[in-house]
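J.: Below is one structure. I have some questions about it.
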């Protein structure tokens with residue numbers, strides 16, 4: 001006789017009527033927490049700080065080392081200060097990207113001692129928060145990052161009493177700068193309360209001074225508008241170019257002003273250029289996921305391009321998140337024996353996320369749960385929430401320097417096309433963003449070979465097209481070491497470029513742009529993978545814009561120029577709908 005299963009007694013045979021109520025209440029609670037903490041999980045922070053503090057407490061060797069470091073730094077500062085040599089022989093130099101103490105006023109007593117003391121303290125805290133035995137890498141990164149944010153907030157450049165440049169400004173204006181700053185603060189605060197943009201973009205208007213490369217919208221679905229640009233040469237390469245931008249911001253980062261538009265430059269090189277302009281999601285788009293973005297985005301665009309131009313092959317370029325999506329698309333096409341892609345160009349795009357950069361620093365299960373519940377009610381992640389995350393990555397440059405210049409010195413920063421674009425935010429739908437964070441950031445599914453597209457697995461090892469891969473030296477979003485790891489994931493030929501600048505400014509790097517340089521080297525098809533640092537030592541250094549090198553590379557992948565195709569193709573169902581830049585880019 002079979003014995004009854006004791007586990008059955010703890011399994012309810014009917015659903016609890018309070019299940020739905022409980023879930024709603026929990027989601028509401030987490031949503032309130034998320035709003036209060038701007039999407040940052042307090043659980044993740046507490047776990048990180050506890051991990052670090054407890055391991056440091058039982059590490060006498062690390063404590064002794066930190067005590068010794070503090071004593072040496074104090075002695076160095078005291079020696080140079082008392083000898084009167086601090087101005088000419090500083091105890092510590094700021095990091096290359098730190099310009100807070102560049103003004104000569106910081107070289108005079110007592111401000112030189114104040115700034116030097118801060119920099120030495122900053123260096124000591126980095127030593128204190130890293131290299132503690134037993135602390136997980138994830139928690140170490142969080143503690144180190146959070147400590148830097150707190151130090152940036154307390155920097156002497158942020159306060160009247162310790163900033164000589166600000167003091168001089170107050171004297172020069174008779175205090176008027178503080179009045180002007182208070183007025184500007186009130187303007188921004190009022191705009192925030194009303195839900196209005198806090199940035200006046202001035203003369204930079206989409207369709208008037210920005211995104212003005214002539215073209216036509218030739219296809220539209222619920223997620224994209226496809227723009228075809230007018231040719232400016234008598235003949236064009238037979239292979240058109242499809243540009244897949246990130247939907248985290250508007251597409252016209254690649255079509256800013258006429259002088260620095262990558263799209264206009266590419267058209268001028270004799271290519272038929274198509275660009276995707278993404279719809280700005282709203283609540284009813286909450287269920288759009290990554291596979292919807294793949295099928296309604298680049299796949300639908302490739303179908304339209306083929307029908308309009310009759311081309312058998314297309315070059316494809318993906319930027320940032322658009323590059324990640326393009327990689328997934330290319331892998332799925334290779335799996336399905338779809339050979340329409342002639343080459344791939346990936347700009348600051350990650351395919352491997354074990355080093356996700358500071359933007360993905362806090363992503364763990366607790367953080368993901370909070371973000372999901374923050375998006376649950378509205379169905380999307382708002383642009384202001386994402387914009388705040390980007391600002392935190394470079395708080396000394398994007399937050400505190402702005403506070404100093406605008407609200408204390410009373411001066412609005414002069415608007416630029418890149419700043420105007422940056423203020424033109426977008427949203428991301430709930431399903432896509434959750435899937436992106438969970439499968440790519442958290443589980444690195446694409447690189448590890450268990451990501452699915454169209455219900456079937458995809459592998460980057462199936463890529464065979466020549467690849468032009470670009471990383472930027474100071475990228476806080478897609479670190480170049482992580483971008484470079486595509487070398488380990490595919491046997492395809494890869495021409496890798498490491499260019500000066502950051503995630504945006506490094507890409508918008510037109511020929512003639514001052515102070516630009518890059519390194520370049522090609523790994524042949526089926527060649528051995530080279531580590532990032534080894535690559536850096538072996539690569540050729542060049543001055544100027546990487547665009548020129550890409551143009552030369554793209555020409556070698558293209559056929560003999562032919563007559564330009566028509567603008568749209570009504571007979572095939574792709575009529576010219578309206579002038580570029582279209583309607584989706586105007587959505588707020």
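Residue numbers (the UniProt record's numbering): 1 to 588.
All C-beta atoms, glycine included, are put in the ideal place defined by N, C-alpha and C.
(1) Count the other C-beta atoms from every protein chain shown that fall within 10 angstroms of the C-beta of residue 511, then say buried if there are 16 or more, exposed otherwise.
(2) Taking the beta carbon of residue 524 as the centre, do at least 16 other beta carbons fall within 10 Å, making it buried, or is it exposed?
(3) Would you tell me roughly how many angstroms separate the C-alpha atoms of residue 311 and residue 300, rounded to the nearest one?
(4) Taking only the alpha-carbon atoms, compute the straight-line gap between residue 558 and residue 237 and give it to the nearest angstrom.
(5) Report the CB separation of residue 596 from residue 51 in whole angstroms; it is logged as a contact under 8 angstroms.
(6) Around the C-beta of residue 161, are 16 or more other C-beta atoms found within 10 angstroms, so that it is buried, or is it exposed?
(7) State buried or exposed for residue 159, treating a residue as buried only when at least 16 other CB atoms are found within 10 Å of its CB.
(8) Can you give the beta carbon distance from residue 368 to residue 427, rounded, assuming they're within the 8 angstroms contact cut?
(9) Closer than 8 angstroms by C-beta to residue 588: which residues in its own chain qualify, once you throw out the five before and the five after it? Chain order, please.
(10) Please report the residue range of the beta strand (DSSP E) in which residue 277 lies.
(11) Please classify residue 476: does DSSP put it in a helix, a strand, or coil?
(12) Look at the alpha carbon of residue 120 and the alpha carbon of residue 478, and state the distance between them as a whole number of angstroms.
(13) Looking only at its own chain, which residues have a Cβ that is under 6 angstroms from the Cβ of residue 207, when we skip the five neighbours before and after it?
(14) State the DSSP-derived secondary structure class of residue 415, mapped to helix, strand or coil.
(15) Identify the residues that DSSP records as bridge partners of residue 567: which are they?
(16) For residue 221, I'd like the list of residues in its chain whose CB is within less than 8 angstroms of its CB, leaving aside the five on either flank, ordered along the chain.
(17) Closer than 6 angstroms by C-beta to residue 315: which residues in its own chain qualify, once you throw out the five before and the five after it? Chain order, please.
(18) With a cut-off of 8 angstroms, do at least 3 Cβ pairs link the segment 252 to 261 to the segment 324 to 334?
(19) For residue 485, which option in 104, 62, 503 and 533 has the closest C-alpha, if you only look at C-alpha atoms?
(20) Residue ranges of each alpha helix (DSSP H) run of no fewer than 4 residues wholly in the segment 128 to 194, ordered along the chain?
(21) In angstroms, rounded to a whole number, what distance separates the CA positions of residue 88 and residue 76?
(22) Which residues does DSSP pair with residue 225 in a beta bridge?
(23) Reducing DSSP to helix, strand and coil, say where residue 469 ends up.
(24) Compute the beta-carbon to beta-carbon distance between residue 482 and residue 350, rounded to the nearest angstrom, for a pair I have assumed lies under 8 angstroms.
(25) Identify which residue in 530, 203 and 455 has its Cα closest to the Cα of residue 491.
(26) CB residue 453 to CB residue 489, shorter than 7 angstroms?
(27) Taking the straight line between their C-alpha atoms, what separation do you get for residue 609 and residue 320?
(28) Taking residue 244 and residue 318 to be in contact with their CB atoms under 8 angstroms, please state how far apart those CB atoms are, rounded to whole angstroms.
(29) DSSP puts residue 347 in a beta bridge; with which residues?
T.: Reading off the structure:
(1) By one-based count along the chain shown, residue 511 stands at place 511. Looking at its Cβ environment, which holds fewer than 16 other Cβ atoms inside 10 Å, residue 511 is exposed.
(2) Counting from 1 along the chain shown, the entry for residue 524 is found at position 524. Answer is exposed; the Cβ neighbour count stays below 16.
(3) As a working note, residue 311 is residue 311 in the chain shown. As a working note, residue 300 is residue 300 in the chain shown. Each residue's Cα considered, the two are about 15 angstroms apart.
(4) Translated into the one-based positions of the chain shown, residue 558 becomes position 558. Translated into the one-based positions of the chain shown, residue 237 becomes position 237. Computed Cα separation, rounded: 6 angstroms.
(5) Lying outside 1 to 588, the shown extent of the chain, residue 596 is not represented and no answer is given.
(6) Locating residue 161 in the chain shown gives position 161, where the first residue counts as 1. Classification for residue 161: exposed.
(7) Translated into positions along the chain shown, residue 159 becomes position 159. Counting Cβ neighbours within 10 Å, residue 159 comes out exposed, since fewer than 16 surround it.
(8) Taking the first residue of the chain shown as 1, we reach residue 368 at position 368. Taking the first residue of the chain shown as 1, we reach residue 427 at position 427. The pair is not a contact, with the Cβ atoms about 18 angstroms apart (cut-off 8 angstroms).
(9) Reading the chain shown from its first residue, position 588 is the one you call residue 588. Apart from sequence neighbours up to five positions away, the residues of its chain that approach residue 588 with a beta-carbon distance below 8 angstroms are 280, ordered along the chain.
(10) For this step, residue 277 is matched to residue 277 along the chain shown. Residue 277 -> beta strand (DSSP E) spans 273 to 278.
(11) Here residue 476 refers to the residue found at position 476 of the chain shown. Residue state, collapsed to three classes: coil.
(12) For the purposes of this step, residue 120 is taken as residue 120 along the chain shown, with counting starting at 1. For the purposes of this step, residue 478 is taken as residue 478 along the chain shown, with counting starting at 1. About 29 angstroms.
(13) Working through the chain shown from its first residue, we reach residue 207 at position 207. So the list reads 581, once near-sequence residues are dropped.
(14) Along the chain shown, read from residue 1 onward, the residue named residue 415 stands at position 415. In the structure shown, the three-state DSSP call for residue 415 is coil.
(15) Taking the chain shown and counting its residues from 1, the one referred to as residue 567 is at position 567. In the DSSP assignment, residue 567 forms no beta bridge with any residue.
(16) Sequence index remark: in the chain shown, residue 221 carries index 221 (1-based). Sequence-distant partners of residue 221 (beyond 5 residues in either direction) whose C-beta falls short of 8 angstroms from its own C-beta, in its chain, are 296 and 300.
(17) Looking up residue 315 in the chain shown gives position 315. Cβ neighbours of residue 315 beyond the five flanking positions: 239, 241, 342 and 343.
(18) Because the criterion of three Cβ pairs below 8 angstroms is not met, the segment 252 to 261 and the segment 324 to 334 do not touch.
(19) On the chain shown, residue 485 is found 485 positions in, with the first residue counted as 1. The candidate whose alpha carbon is nearest that of residue 485 is 533.
(20) Here the runs fully enclosed are 137 to 153, 164 to 173 and 176 to 194.
(21) The residue given as residue 88 occupies position 88 in the chain shown. The residue given as residue 76 occupies position 76 in the chain shown. C-alpha separation (whole angstroms): 14 angstroms.
(22) Taking the first residue of the chain shown as 1, we reach residue 225 at position 225. BP columns for residue 225 point to 220 and 277.
(23) Along the chain shown, one-based indexing puts residue 469 at 469. In the structure shown, residue 469 adopts extended strand secondary structure according to DSSP, grouped into three states.
(24) Against the chain shown, residue 482 aligns to sequence position 482. Against the chain shown, residue 350 aligns to sequence position 350. 5 angstroms between Cβ atoms; contact.
(25) Your numbering for residue 491 matches position 491 in the chain shown. Taking only the C-alpha atoms, the option nearest residue 491 is 530.
(26) One-based indexing of the chain shown puts residue 453 at position 453. One-based indexing of the chain shown puts residue 489 at position 489. At least 7 angstroms separates the beta-carbon of residue 453 from that of residue 489.
(27) Residue 609 lies beyond the range of the chain shown here (1 to 588); nothing can be said about it.
(28) As a working note, residue 244 is residue 244 in the chain shown. As a working note, residue 318 is residue 318 in the chain shown. The C-beta distance from residue 244 to residue 318 rounds to 4 angstroms, short enough to meet the 8 angstroms contact threshold.
(29) On the chain shown, position 347 is the one that residue 347 refers to. Answer is 319 and 470.
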